[in-house]
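S.K.: In this text, residue positions in the sequence shown follow our numbering: the first is 11, and each later residue adds one. We put the beta carbon where it would ideally sit given N, CA and C, even for glycine.
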Amino acid sequence: MGQRRAQLRLCLPQVCPARSPLLVATVAPDANVLLGRFVVIASSRDLARKVFNSPAYVKPCVVDVAHKLLGRDNWVFLDGKAHVDFRKGLNGLFTRQALEIYLPGQHEVYTRYFKKLVDATKENDGKPLPYMNLFREIITAVSCRTFVGHYISDEAVKKISDDYYLITAALELVNFPIIIPFTKTWYGKKAADMVLVEFTKCAAKSKVRMNAGGEPTCIMDAWIMQMVESKRWRDAEAKGEIPEGMVKPTPLLRDFTDYEIAQTVFTFLFASQDATSSAATWLFQVMAQRPDVLDRVRDENLKVRNGDIHKELNLEQLESLTYTRAVVKELLRYRPPVIMVPYEVKKEFPVTETYSVPKGAMCVAGVYPALRDPEVYPNPNVFDPERYYSGDAETRGAKNFLVFGTGPHYCLGQHYVQVNLALLLGRAALELDWKHHPTPLSEQIKVFATLFPMVCDAPLRLDGSEMVY
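Laid out in structure tokens, this is it:
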């Protein structure tokens with residue numbers, strides 16, 4: 011096919027054919043693009059799944075500059091056995107037992123920020139305010155509290171929230187993949203380095219506390235505790251004096267440096283920040299437009315709390331919120347934060363019987379069409395939680411729901427994300443009241459790493475936000 015130059019444009023039609031052929035193009039140089047790259051988009055469900063499930067042919071690449079921001083030796087770029095081995099040590103950070111540990115910190119963040127939302131509206135004389143940036147700050151705060159606990163200051167969380175968009179902008183495909191002063195990639199690198207410095211300091215503090223016998227309260231604690239327990243086992247084994255009742259940790263972890271820990275936890279923030287901010291923004295907007303759905307969420311959450319709106323739910327209670335979780339899952343289908351996942355082709359990839367993607371090309375797994383398949387999701391452009399509450403979308407759409415990917419690189423935090431969004435929505439339904447003030451562009455979509463409403467500075471406006479006590 012050769013290196014034909016054709017401008018590649020992203021299109022999100024109202025109805026996407028779920029079984030359309032491959033889209034093959036190169037990103038062409040123009041005023042903002044300095045480097046062409048051959049791109050193949052797998053736009054059907056089965057082809058996207060084939061890309062996700064073909065580690066022998068492809069590896070995650072994000073964009074070329076990502077290695078400079080996240081580190082070329084970052085675990086997300088590892089391949090094959092190295093990736094599998096590293097991932098084994100992270101799986102335990104997202105079990106049900108682990109997720110239960112993180113809930114108190116998440117409750118704490120939502121309590122503080124709900125008050126901030128109400129106060130901001132009052133200070134504006136009750137007039138509507140743009141809230142997307144506040145949602146980004148809320149998600150940054152809850153992510154940091156979940157990932158690094160109280161080792162990070164509120165000021166550092168605010169700084170990360172304010173600067174994180176620089177990292178996102180640096181990862182746009184059209185950027186030149188080198189760091190040049192005062193360009194998007196340069197500002198993004200400075201922001202990424204700032205986050206890594208903060209997380210490295212958190213890792214050092216966590217090591218001190220875990221070695222002193224502290225109880226884990228965040229993901230960093232839980233991971234370092236595995237390292238502490240692994241070292242104790244190795245030391246005991248070396249001495250030939252394994253205490254009775256001591257259980258060998260599985261897997262045994264090596265001692266990671268503070269920077270390695272920070273680098274890994276940063277990838278969790280990288281994976282969650284824009285995506286969850288997008289989901290939260292759309293969630294509040296969609297709920298404001300559908301008060302009947304919000305009323306059902308409110309009733310379900312009030313019932314599980316036995317009428318006490320201040321009650322903090324545990325994981326089992328959150329998982330019992332079947333309608334609330336159906337709303338969250340339908341929102342992720344209706345406005346999927348991630349619509350495509352790029353991979354680099356390691357060797358010629360026979361993606362179909364008649365076409366092979368050349369080595370070095372970017373092969374993109376497109377997930378949007380699978381989530382709009384009318385054969386699986388009747389009236390796919392309609393937001394309808396009943397698909398997952400009383401319908402059969404959970405079973406019929408098992409192969410189509412590619413929001414979190416599939417295969418060896420599927421998202422580790424997929425259960426965490428859905429539970430966290432259910433917690434956010436349930437508490438907001440009980441403690442806040444909000445109204446959407448639509449604009450002509452409210453329902454139009456823009457892509458900035460993830461899907462957001464088209465109006466950048468004010469995609470969602472709320473007023474009348476008063477605690478409902």
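Looking only at C-alpha atoms, which of Lys200, His320, Val348, Gln295 sits nearest to Phe458?
M.R.: Checking every option, the nearest Cα to that of Phe458 belongs to Val348.
S.K.: So, is Pro301 buried or exposed, given that buried needs 16 or more other C-beta atoms within 10 angstroms?
M.R.: The residue in question, Pro301, is exposed, as its Cβ has fewer than 16 Cβ neighbours within 10 Å.
S.K.: In its own chain, which residues sit with a C-beta less than 6 angstroms from the C-beta of Tyr123, not counting the 5 before and 5 after it?
M.R.: Hits under 6 angstroms: Ile148.
S.K.: For Gln428, count neighbouring Cβ atoms within 10 angstroms of its own Cβ and tell me buried if that reaches 16, exposed if not.
M.R.: Answer is buried; the Cβ neighbour count reaches 16.
S.K.: Could you tell me the boundaries of the alpha helix (DSSP H) in which Leu461 lies?
M.R.: First-last for Leu461: 460 to 463, but that is the beta strand (DSSP E), not the alpha helix (DSSP H).
S.K.: Is Gly415 buried or exposed, if buried means 16 or more other CB atoms sit within 10 Å of its CB?
M.R.: Flag for Gly415 reads buried.
S.K.: Leaving out five residues before and five after Arg345 in sequence, what residues of the same chain have Cβ atoms less than 6 angstroms from its Cβ?
M.R.: Taken in chain order, the residues that qualify are Trp292, Leu461.
S.K.: Below 8 angstroms on the Cβ atoms is my guess for Ile229 versus Phe278; work out the distance and round it to an integer in Å.
M.R.: Rounded, the Cβ-Cβ distance is 7 angstroms, consistent with contact.
S.K.: For Cys154, which three-state DSSP category applies?
M.R.: In the structure shown, Cys154 sits in a helix (DSSP, three-state: H, G or I).
S.K.: Taking the runs of the alpha helix (DSSP H) that are 4 residues or longer, which of them lie wholly in the region 289 to 364?
M.R.: Taking only runs of at least 4 residues, the alpha helix (DSSP H) segments lying wholly in the region 289 to 364 are 301 to 314, 325 to 329, 332 to 344.
S.K.: Under 8 angstroms Cβ to Cβ from Ser330, same chain only, skipping five residues before and after it: list those, please.
M.R.: The answer, listed in chain order, is Val314.
S.K.: Under the three-state reduction of DSSP, which class applies to Ile51: helix, strand or coil?
M.R.: Looking at Ile51 - three-state DSSP - the assignment turns out to be strand.
S.K.: Where in the region 67 to 101 do unbroken runs of the beta strand (DSSP E), each at least 3 residues long, occur, reported from the N-terminal end onward?
M.R.: Runs found: 68 to 70.
S.K.: Could you tell me the boundaries of the beta strand (DSSP E) in which Ala214 lies?
M.R.: Segment 194 to 221 is the alpha helix (DSSP H) holding Ala214; no beta strand (DSSP E) there.
S.K.: Does Tyr365 pass the burial test, meaning 16 or more other C-beta atoms within 10 Å, or should it be called exposed?
M.R.: It is exposed - the Cβ of Tyr365 has fewer than 16 other Cβ atoms within 10 Å.
S.K.: Hey, out of Asp309, Leu57, Ala246, whose CA is closest to Gly255's CA?
M.R.: Residue Ala246 is the option with its Cα nearest to Gly255.
S.K.: When the Cα of Tyr120 is compared with those of Glu322, Gly370, Arg59, which residue comes out closest?
M.R.: Tyr120 has its Cα closest to that of Glu322, out of Glu322, Gly370, Arg59.
S.K.: So is Thr332 buried or exposed if we call it buried at 16+ other beta carbons inside 10 Å?
M.R.: When all chains shown are included, Thr332 counts as exposed.
S.K.: By how many angstroms is the C-alpha of Glu225 removed from the C-alpha of Arg219?
M.R.: Answer to the nearest angstrom: the Cα atoms are 8 angstroms apart.
S.K.: For the pair the region 358 to 373 and the region 53 to 71, tell me if three or more CB-CB distances fall below 8 angstroms.
M.R.: Counting Cβ pairs under 8 angstroms, three or more are found: they touch.
S.K.: Classify Ser287: buried if its beta carbon has 16 or more other beta carbons within 10 angstroms, exposed otherwise.
M.R.: That one is buried.
S.K.: Please classify Tyr420 as buried or exposed, where buried requires at least 16 other C-beta atoms within 10 Å of its C-beta.
M.R.: The residue is exposed, with fewer than 16 neighbouring Cβ atoms inside 10 Å.
S.K.: Less than 6 angstroms between C-beta atoms, sequence neighbours within five positions excluded: which residues of the same chain meet that for Lys369?
M.R.: So the list reads Val355, Lys357, Glu358, once near-sequence residues are dropped.
S.K.: My output table needs one value for Lys456: the three-state DSSP class, helix, strand or coil.
M.R.: In the structure shown, Lys456 sits in a strand (DSSP, three-state: E or B).
S.K.: Just verifying my parser: in three-state terms, what is the DSSP assignment at Leu139?
M.R.: Three-state result, Leu139: strand.
S.K.: Are the region 110 to 120 and the region 140 to 157 in contact at 8 angstroms, needing three or more beta carbon pairs?
M.R.: With a cut-off of 8 angstroms, the region 140 to 157 and the region 110 to 120 count as touching, because enough Cβ pairs lie within range.
S.K.: Given a threshold of 16 other Cβ atoms within 10 Å of its Cβ, counted over all protein chains shown, does Asn430 qualify as buried or as exposed?
M.R.: It counts as buried.
S.K.: Output needed for Leu262: all residues of its chain with C-beta closer than 8 angstroms, excluding positions within five of it in sequence on either side, in chain order.
M.R.: Answer for Leu262: Ser240, Trp243, Arg244, listed in chain order.
S.K.: I need the DSSP call for Ala375, collapsed to helix, strand or coil.
M.R.: Note: Ala375 maps to strand in three-state DSSP.
S.K.: Would you mind giving the Cβ-Cβ distance between Arg308 and Leu440, rounded to the nearest angstrom? I have them listed as a contact below 8 angstroms.
M.R.: Confirmed, Cβ separation roughly 6 angstroms.
S.K.: What residue range does the alpha helix (DSSP H) around Ser240 cover?
M.R.: Counting along the chain, the alpha helix (DSSP H) containing Ser240 begins and ends at 229 to 249.
S.K.: Suppose the cutoff is 7 angstroms on Cβ atoms and the five residues either side in sequence are ignored; what does the same chain contact list for Gln327 look like?
M.R.: Correct list, in chain order: Val314.
S.K.: With DSSP as the reference, please indicate the residues paired to Val367 in a beta bridge.
M.R.: Note: Val367 sits in a beta bridge opposite Phe359.
S.K.: Buried or exposed for Asn410, please, with buried defined as at least 16 other CB atoms from any protein chain shown within 10 angstroms of its CB.
M.R.: It counts as buried.
S.K.: Note down, in chain order, each residue of its chain lying with its Cβ closer than 8 angstroms to the Cβ of Thr227, except the 5 sequence neighbours on either side.
M.R.: If we look at Thr227 and ignore the five residues flanking it on each side, its Cβ neighbours are Ile111, Tyr112, Pro114, Gly115, Gly159, His160.
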